[in-house]
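Read through the structure below, which is laid out as structure tokens, and then see the notes.
Numbering (this note's numbering), first residue to last: 17 to 536.
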């Protein structure tokens, strides 16, 4: 019986023979190139018969020379739109079954790109807390993770303290009215006092004239001393009444000033109380003093209603429905999901090339375009901001970026990578994702979609340069805009795997199985 090793060797011989007539994308001429690359070793190592027994030795030599010329032409310069290598048929059914995805080769500054892992987080201004202003029973009107708009009702508070505040406002309103009435009475009182004062002054003047007459009579030797004394007593009495009236007028003026001061104080207290009520209710003072059904609004409010100030999403609820909450207790927290920033930790050794304002790009953590995954071409741009301080133990420094436009996959806590181009003056190079490069033995290979036939991919042995951990420079053989297989490249490599020694062309069946091309 044949051993397993013998069977494997026979299979390799059969495949190598088939490759003798294998064609590439270019047709018969490309097939001659492939036959040269592997047909020579195949002729020497896989057959025990001598070439001298055949009449077509010259044809083999011609094929060999043609292969060397084609190889030299390939390495001498790149042909725009042409890709040299072994072709694999990938019709639509195969692309769907193998979940093949493609990405275009692009110009990138790979050597000048610094890549740092990090995560998204809320901006400090993205979160708004709604707390109880007064102690009371809370009735929630929203659910967690509910999206709310500005003006949406969040909760109501039934608070005894609110009613106490209403009572204080009512008391001040009554005091203002009472003091206003009191001040209004000072005008008539002042008028009456002045009239009384004028009368007393006239009485005093008349009685003084009487005294003067009696004194003249007394000096002339007439009159009686008793009348003079009586007149003098009447004047003194009138002057006393006048002094009392003047004193009362002074007291009246003082009382009026005091009443005016009390009125001003009551009005000020009412303003402060209305300001407090406006803060509690989230309304203006004008709204509170506007009459509704013959009553000011502040008097008709029974429950404190709290509404959303800005649109957002309810992140958390601090109390249960109908619970009693103390003053300043957190009830509802609303966040704005679109207010995000990206935080990464860079190395302090890179401070020589990092600075504020450098262009930065946030990319998905996994280089894939597979259905159901985050498309790694879905990136976000922004400007770099260095943290204020570093970590002396980890030798790291915070790197912050606020994206100009958010992608749908950005969420707080989602990990991603930050790309920072440290030097924009250098020339870019053609690069492809490292995930598109597979290894067949020791040989790196990638698959390029045929520019002339989208249902065919060409296997290319990669001549690679520098890489930044995600993108790698392709030194030659690839044009900007060429589509490279990303997801599914490993399956294509397995189907065309040769251990880095022999290439074979072929095609996939619609069920995803690969069939190597057979030749006569």
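All C-beta atoms, glycine included, are put in the ideal place defined by N, C-alpha and C. Everything numeric in this text was worked out from a predicted model, so none of it was measured.
- A distance below 7 Å between beta-carbons, with the five flanking residues on each side excluded, links residue 485 to the following residues of its chain, in chain order: 131.
- For residue 204, the secondary structure class from DSSP, reduced to helix, strand or coil, is helix.
- Nearest neighbour of residue 409 by Cα position, chosen from 363, 389, 387 and 189, turns out to be 363.
- Distance check between residue 339 and each of 165, 172, 140 and 127 places 172 closest, using alpha-carbon atoms only.
- Secondary structure of residue 361 (DSSP, three-state): strand.
- In this structure, the straight-line span from the alpha carbon of residue 212 to that of residue 314 is close to 47 Å.
- Taking 8 Å as the cut-off, the Cβ atoms of residue 375 and residue 418 do not count as close.
- For residue 281, the closest of 187, 303, 306 and 318 by C-alpha to C-alpha distance is 187.
- Residue pairing by DSSP places residue 433 opposite 133 and 379 in a beta bridge.
- CA-to-CA, the gap between residue 299 and residue 318 works out to about 15 Å.
- Taking residue 291 as the centre and dropping the five residues before and after it, the same chain places the C-beta of 301 closer than 8 Å to its C-beta, in chain order.
- Assigned with DSSP and collapsed to three states, residue 122 falls in strand.
- In this structure, DSSP gives residue 460 an extended state, which the three-state scheme calls strand.
- One thing to note: residue 350 has its Cβ no nearer than 8 Å to the Cβ of residue 334.
- The DSSP-derived three-state label of residue 253 is helix.
- About 7 Å separates the beta carbon of residue 416 from that of residue 403, a gap short enough to meet the 8 Å contact definition.
- The distance from the Cβ of residue 355 to that of residue 141 is about 6 Å, consistent with a contact at the 8 Å cut-off.
- Closest in C-alpha terms to residue 397, from the list 413, 465 and 357, comes 357.
- Cα atoms of residue 122 and residue 166: separation of roughly 44 Å, rounded to the nearest angstrom.
- A direct Cα-to-Cα measurement between residue 312 and residue 191 gives close to 17 Å.
- By the C-beta density criterion, residue 324 is buried, having at least 16 other C-beta atoms within 10 angstroms.
- Apart from sequence neighbours up to five positions away, the residues of its chain that approach residue 125 with a beta-carbon distance below 6 Å are 437, 442 and 444, ordered along the chain.
- Spanning the alpha carbons of residue 143 and residue 326 requires a straight line of approximately 10 Å.
- In the DSSP assignment, residue 302 falls within the alpha helix (DSSP H) that extends over 301 to 305.
- In this structure, residue 378 sits near residue 432, with a CB-CB distance shorter than 8 Å.
- Bridge partners of residue 312 according to DSSP: 307.
- Under the 8 Å Cβ criterion, the region 443 to 462 does not count as touching the region 147 to 154, having fewer than three qualifying pairs.
- With contacts defined by Cβ atoms closer than 8 Å, residue 115 and residue 386 form a contacting pair.
- According to the DSSP assignment, residue 110 belongs to no beta strand (DSSP E) but to the alpha helix (DSSP H) extending over 108 to 113.
- Under the 8 Å Cβ criterion, the region 189 to 208 does not count as touching the region 248 to 261, having fewer than three qualifying pairs.
- Taking a cut-off of 8 Å for Cβ pairs, the region 154 to 165 and the region 178 to 185 do not touch, as fewer than three such pairs fall below it.
- DSSP, read as helix, strand or coil, puts residue 344 in coil.
- Per DSSP, the beta bridge partners of residue 163 are 329.
- Secondary structure at residue 174: strand, using DSSP grouped into helix, strand and coil.
- In this structure, DSSP gives residue 284 a helical state, which the three-state scheme calls helix.
- At the C-beta level, residue 488 and residue 446 stay beyond 8 Å of one another.
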